[in-house]
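**Student:** Its first residue numbered 1, the sequence shown is counted upward by one per residue in full-length UniProt numbering.
Glycine is no exception: its CB is placed at the ideal position from the N, C-alpha and C atoms.
Predicted model, so just to flag it, every value in this text is computed and none were measured.
Shown below is the structure under consideration.
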Amino acid sequence: MMVDLAVLVSGKVCARATDKGGSPRIFYDMDSEGVREGHSLSLSMPPQKEAYGGGVVLNWLRNLLPEDPQDLKAIARDVSGGLPACSSKNPLRLLEKIGEDCAGAVQVVQEDRIAKVREEGGIKRVSEAEVENMIHDIRSGRSVAGRIPEHNNGRFSLAGAQKKTALRRLPDGSWGIPYGKEPTTHIMKPPMPDMKGQVEGEHFCLTLCRRIGLTAAKSEVLQFGSEKVICVERFDRSRDEKGDVHRFHVEDMCQALGIDPARKYQNDGGPGTTEISGHVLSRSMDPDVDREALMRAMVVNWVLMGTDAHAKNYSIYIHPLETLQSEQKVSLAPLYDVNTFAPYEGASWSTNSMSMSVDGKYVFSKIHKRHWQIACQKAGFHPPDGHDKWLEQTVRSIRDVVPTVLAITLNEGLDPEWMVKISKLTRNRAEMILKDMFCSSST
1 MMVDLAVLVS GKVCARATDK GGSPRIFYDM DSEGVREGHS LSLSMPPQKE AYGGGVVLNW
61 LRNLLPEDPQ DLKAIARDVS GGLPACSSKN PLRLLEKIGE DCAGAVQVVQ EDRIAKVREE
121 GGIKRVSEAE VENMIHDIRS GRSVAGRIPE HNNGRFSLAG AQKKTALRRL PDGSWGIPYG
181 KEPTTHIMKP PMPDMKGQVE GEHFCLTLCR RIGLTAAKSE VLQFGSEKVI CVERFDRSRD
241 EKGDVHRFHV EDMCQALGID PARKYQNDGG PGTTEISGHV LSRSMDPDVD REALMRAMVV
301 NWVLMGTDAH AKNYSIYIHP LETLQSEQKV SLAPLYDVNT FAPYEGASWS TNSMSMSVDG
361 KYVFSKIHKR HWQIACQKAG FHPPDGHDKW LEQTVRSIRD VVPTVLAITL NEGLDPEWMV
421 KISKLTRNRA EMILKDMFCS SST
């Protein structure tokens with residue numbers, strides 16, 4: 001049976017998605033309110049009269065979905081929303097079930113639900129015990145989205161490999177499951193199996209990023225009964241003075257470049273900083289600022305031994321077009337999913353690798369000043385005081401904020417042993433780099 005879905009951006013219909021003919025295609029509705037207001041689905045699919053098909057459509061749809069094959073199979077089997085079981089390899093069918101609150105401002109909606117999604121909606125308040133059960137279910141694999149079966153209203157899709165759920169934080173600090181036009185505001189992720197301290201580590205790293213001047217998602221570590229999560233405030237949502245929540249259009253670098261999420265790692269054919277800077281950040285409202293932020297984030301992941309900073313862990317805001325003939329403008333979105341592998345068994349500076357190379361070098365210990373200089377040049381980033389000075393200042397800034405970040409996390413009540421361990425490893429790594437590459441003292 002054929003499926004036809006509406007694709008909304010910021011609550012406005014922009015396009016239709018169909019699998020008529022056997023493979024997914026996307027047609028912009030050039031007379032729609034969304035297109036007239038300048039909304040575009042993706043940097044990889046600007047508005048045009050001709051239909052999009054093939055890999056660019058399949059990849060865009062896949063990038064809106066979870067990556068875990070077991071999660072996709074669970075969504076495919078789920079009939080609780082009134083839709084029949086489907087193939088886990090059909091992204092359009094999967095989004096028909098869970099696409100009403102995707103990343104950014106995108107909603108993939110059944111035609112007969114457009115009015116409900118645009119004009120109606122609500123929030124089902126949930127208790128802390130219910131949130132605990134939701135987190136337990138997604139952590140144990142019993143649920144993909146952690147939804148409560150008897151109130152199965154939330155049709156949201158969270159892309160990525162790690163298990164997570166999304167909720168709405170209410171003005172009084174409690175939680176709810178939104179549906180219809182109401183968006184989620186926070187993402188909750190339990191730790192991955194056998195990764196003690198993962199949520200604390202991510203919170204530490206995001207806090208560090210903010211303290212050195214990078215824009216990063218706001219996070220906190222929360223406990224719901226026996227379940228611990230990192231709770232991340234969505235940067236693709238905003239709350240106005242009346243308390244209403246609005247969606248901002250965001251997409252990750254795989255979506256922006258039309259790349260299959262299976263190729264998110266550069267070693268697997270995914271993009272690196274040169275491609276991102278040349279093909280995406282060249283469209284930035286402020287290319288120099290965004291290119292520096294990208295390269296500083298790379299240095300942070302180098303010092304932290306962040307092994308998972310792939311193309312899906314960098315995103316852009318997509319700004320409305322001034323006219324259909326205008327060049328699409330974007331801005332680098334805040335950092336997210338930043339973490340450290342350093343505290344774990346098997347961590348090795350001489351064997352572990354970056355997700356994106358620095359001038360072709362992946363292994364942490366193989367990356368030197370000259371590689372950073374060439375990588376920055378290829379990315380179009382030219383610091384006024386030279387690349388070496390910029391690199392030294394960035395590493396020094398990381399080292400210098402570690403005590404402050406440690407104090408913040410300890411004040412928040414996080415595990416002192418784990419926080420001290422991460423802090424020491426991070427500071428020592430920065431000290432080693434400064435000594436080996438710049439002959440700098442620990443002043």
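Looking only at DSSP bridge pairs, what is residue 317 linked to?
**Tutor:** BP columns for residue 317 point to 250 and 331.
**Student:** Select from 79, 316 and 71 the residue whose C-alpha is nearest the C-alpha of residue 42.
**Tutor:** 316
**Student:** Compute the beta-carbon to beta-carbon distance between residue 320 and residue 39, rounded to the nearest angstrom, for a pair I have assumed lies under 8 Å.
**Tutor:** Indeed they touch by this definition, with Cβ atoms about 6 Å apart.
**Student:** Apart from the five residues on each side of it in sequence, which residues of its chain come closer than 8 Å, Cβ to Cβ, to residue 286?
**Tutor:** 331
**Student:** Measure the C-alpha to C-alpha separation of residue 153 and residue 296 and round it to an integer number of angstroms.
**Tutor:** Residue confidence for residue 153 is low, a pLDDT of 41 falling below 50, so the modelled location carries little weight and cannot support an answer.
**Student:** Taking just the CA atoms, how far does residue 244 sit from residue 265?
**Tutor:** 37 Å
**Student:** Among the candidates 372, 398, 399 and 397, whose CA atom is the shortest distance from the CA of residue 386?
**Tutor:** 372
**Student:** Determine the burial state of residue 147: buried for a count of at least 16 other Cβ atoms within 10 Å of its Cβ, exposed for fewer.
**Tutor:** Residue placement at residue 147 is flagged as unreliable, the pLDDT there being 45, under the threshold of 50; a coordinate-derived value is accordingly withheld.
**Student:** Could you say which of 118, 97, 420 and 68 lies nearest to residue 80 if we only look at CA atoms?
**Tutor:** Taking only the C-alpha atoms, the option nearest residue 80 is 97.
**Student:** Assuming residue 260 and residue 62 make a contact with CB atoms under 8 Å, what is their CB distance in whole Å?
**Tutor:** 6 Å
**Student:** How many Å lie between residue 236 and residue 255 at the Cα?
**Tutor:** 15 Å
**Student:** Please go through the same chain and pick out, in chain order, the residues whose beta-carbon is closer than 8 Å to the beta-carbon of residue 122, but skip the five residues on each side of it.
**Tutor:** 153, 178, 179, 180 and 182
**Student:** Say whether the stretch 182-192 touches the stretch 227-242, bearing in mind that this needs 3 or more beta-carbon pairs closer than 8 Å, one atom from each stretch.
**Tutor:** Remark: three or more beta-carbon pairs, one from each stretch, lie closer than 8 Å, so the stretch 182-192 and the stretch 227-242 are flagged as touching.
**Student:** At which residue ranges does the stretch 171-221 contain complete alpha helix (DSSP H) runs of 4 or more residues, listed in the order of the chain?
**Tutor:** 198-211
**Student:** Skipping 5 residues on each side, what residues in its chain have a beta carbon closer than 7 Å to that of residue 395?
**Tutor:** 299, 303, 430, 433 and 434
**Student:** Here's the rule: buried if 16 or more other CB atoms are within 10 angstroms of the residue's CB, otherwise exposed. What is residue 345?
**Tutor:** So residue 345 counts as exposed.
**Student:** Taking only runs that begin and end inside the stretch 358-433, name each unbroken beta strand (DSSP E) of 3 or more residues, in chain order.
**Tutor:** 361-363
**Student:** Do you know offhand how far residue 11's Cα is from residue 113's?
**Tutor:** 12 Å
**Student:** Return the residue from the list 14, 205, 413 and 126 that minimises the CA-CA distance to residue 402.
**Tutor:** 205
**Student:** So, using beta-carbon positions, are residue 227 and residue 120 closer together than 8 Å?
**Tutor:** no
**Student:** Whose CA, out of 33, 51 and 240, lies closest to the CA of residue 18?
**Tutor:** 51
**Student:** Is the beta carbon of residue 202 less than 8 Å from the beta carbon of residue 415?
**Tutor:** No; because the gap between Cβ atoms is not below 8 Å, this pair is not in contact.
**Student:** Given residue 56, which residues of its chain have a CB within under 7 Å of its CB, disregarding the five upstream and five downstream residues?
**Tutor:** 44, 45 and 258
**Student:** How about residue 422 and residue 212: are their beta carbons less than 8 Å apart?
**Tutor:** no
**Student:** Based on the DSSP output, what are the partners of residue 110 in its beta bridges?
**Tutor:** Per DSSP, 5.
**Student:** Taking Cβ to Cβ, would you say residue 493 is nearer than 8 Å to residue 334?
**Tutor:** It is not possible to answer for residue 493, since the shown part of the chain is limited to 1 through 443.
**Student:** Residue 69 and residue 24: beta carbons closer than 8 Å?
**Tutor:** Contact flag unset, no.
**Student:** Cβ atoms of residue 408 and residue 207: under 8 Å apart, would you say?
**Tutor:** yes
**Student:** Taking the continuous alpha helix (DSSP H) assigned at residue 98, which residues delimit it?
**Tutor:** Counting along the chain, the alpha helix (DSSP H) containing residue 98 begins and ends at 91-98.
**Student:** Quickly, what does DSSP pair residue 27 with across the bridge? List them, please.
**Tutor:** 16
**Student:** In the DSSP output, what is residue 224 paired with across the bridge?
**Tutor:** 227
**Student:** Return the CA-CA distance between residue 354 and residue 111, expressed in angstroms with no decimal places.
**Tutor:** 43 Å
**Student:** Short of 7 Å in beta carbon distance, which residues of its chain neighbour residue 9, apart from the five on each side in sequence? Order them along the chain.
**Tutor:** 34, 39, 41, 105, 106 and 249
**Student:** Whole angstroms are fine: how far does the CA of residue 348 sit from the CA of residue 164?
**Tutor:** 28 Å
**Student:** By DSSP, does residue 300 sit in helix, in strand, or in coil?
**Tutor:** Reduced to three states, the DSSP call for residue 300 is helix.
**Student:** Please indicate yes or no: does the CB of residue 395 lie closer than 7 Å to some heavy atom of the ligand ADP?
**Tutor:** The ligand ADP is absent from the structure shown, which contains no ligand whatsoever.
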